[in-house]
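Here is the structure we will look at.
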Amino acid sequence: MPCARYITSLQELADGTIGSIRRAEVEQHLETCEDCRAALADLEKIRDAAASLDELQPPERVWLQIAGRLRQEGRIQEAAPAPPRRYLHAFALAAALVIAIGGSLLFIASRNRQVPATAPATATATPPTGVPDAAEVQAAATAVEEAQQKLEAAIGRLQEVADASLQAMDPKTAATLQKNIGIIDQAIAEERAAVKAEPMNVPARESLFEALKRKVVLLQDTIALMNEMRKGNPSGAAEIVGGKG
0 MPCARYITSL
10 QELADGTIGS
20 IRRAEVEQHL
30 ETCEDCRAAL
40 ADLEKIRDAA
50 ASLDELQPPE
60 RVWLQIAGRL
70 RQEGRIQEAA
80 PAPPRRYLHA
90 FALAAALVIA
100 IGGSLLFIAS
110 RNRQVPATAP
120 ATATATPPTG
130 VPDAAEVQAA
140 ATAVEEAQQK
150 LEAAIGRLQE
160 VADASLQAMD
170 PKTAATLQKN
180 IGIIDQAIAE
190 ERAAVKAEPM
200 NVPARESLFE
210 ALKRKVVLLQ
220 DTIALMNEMR
230 KGNPSGAAEI
240 VGGKG
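For the sequence shown, numbering that gives the first Met the number 0 assigns the number 0 to the initial residue and increments by one for each residue that follows.
Okay, here's the thing in structure tokens:
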């Protein structure tokens, strides 16, 4: 497993946000640490997989014909601008962070289960093989917290384009989506309060992570719905709305 003190730095190195001084230190460490090199390789695979996700485009003439009919029927309003590339990056970043947080939570949970609930009276100062020390578990928990913060930042960027999509959407559909977003926001607030009260509570962290993941999915669906309506694809839009009803 990677060295606890370098977990966060490896994530920053993989996503390109690490500072130059810290980068030099980490790269020097990587020359002699096989476990950290393997962890970095895994993070880079996640990053590359997220970056490779492409949006499939239908034939232009088909959607133009359908869009014309939908506008005549008043079923779609003026098309909103296509999402900027920074929002597409937010999609990929959110997907990568979902995977990273999930893996870190599994690590914390599995390592915590190895720690005895109560130490025997004759316990020695040397911990049993395979049992993590407090610093190791805390480092992993800190990595989860930082990944959650990055995920919430990505959610914020997705929220911006989703809000713009809602403004250009049919009022009834927009109201339904806004209601669902509100429900998830309330759940996130409750789970965040639980984590704040017990920072090392793995089930509480997992619940917060699941709530954040649900919001990512809903925001993605909101933007995808607007894209389908913009392209004049009623069947695709109906499928998305049907799944959210």
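Even glycine gets a Cβ: it sits at the ideal position worked out from N, Cα and C. Computed from a predicted model, the values in this text were never measured in an experiment.
{"Item": "At the level of alpha carbons, what is the spacing between residue 173 and residue 2?", "Value": "47 Å"}
{"Item": "Taking the CB atoms as reference points, tell me whether residue 183 and residue 210 lie closer together than 8 Å.", "Value": "yes"}
{"Item": "For residue 190, which residues of its own chain have a beta-carbon under 6 Å away from its beta-carbon, when the five flanking residues on both sides are left out?", "Value": "206, 207 and 210"}
{"Item": "Find the nearest neighbour of residue 213 within the set 14, 16 and 151, judged by alpha-carbon distance.", "Value": "151"}
{"Item": "Work out the CA separation of residue 177 and residue 187 for me, nearest whole Å.", "Value": "15 Å"}
{"Item": "Can you tell me whether residue 7 is helix, strand or coil according to DSSP?", "Value": "helix"}
{"Item": "Is it buried or exposed, residue 6, if we count other Cβ atoms within 10 angstroms and call 16 or more buried?", "Value": "buried"}
{"Item": "Between which residues of its own chain and residue 16 is the CB-CB distance below 6 Å, once the five residues before and five after are set aside?", "Value": "none"}
{"Item": "Excluding the five sequence neighbours on either side, which residues of its own chain have a C-beta within less than 8 Å of the C-beta of residue 145, listed in chain order?", "Value": "7 and 10"}
{"Item": "Where does residue 116 sit, in a helix, a strand or coil, going by DSSP?", "Value": "At residue 116, the pLDDT of 44 sits below 50, so the modelled position is not reliable; the number obtained from the coordinates is stated separately. Residue 116: coil per DSSP, three-state reduction."}
{"Item": "Residue 245 to residue 199, Cα distance in whole Å?", "Value": "The structure shown does not extend to residue 245, since the chain spans only 0 to 244, so no value can be given for it."}
{"Item": "Just confirm the distance between the C-beta atoms of residue 13 and residue 43, as a whole number of angstroms; I'd bet it's less than 8 Å.", "Value": "5 Å"}
{"Item": "Can the beta-carbon of residue 217 be found less than 8 Å from the beta-carbon of residue 158?", "Value": "no"}
{"Item": "Output needed for residue 165: all residues of its chain with C-beta closer than 6 Å, excluding positions within five of it in sequence on either side, in chain order.", "Value": "173"}
{"Item": "Using C-beta distances below 7 Å, list every residue in its chain close to residue 21, excluding the 5 sequence neighbours before and after it, in chain order.", "Value": "8"}
{"Item": "Tell me the DSSP secondary structure of residue 141 in three-state form.", "Value": "helix"}
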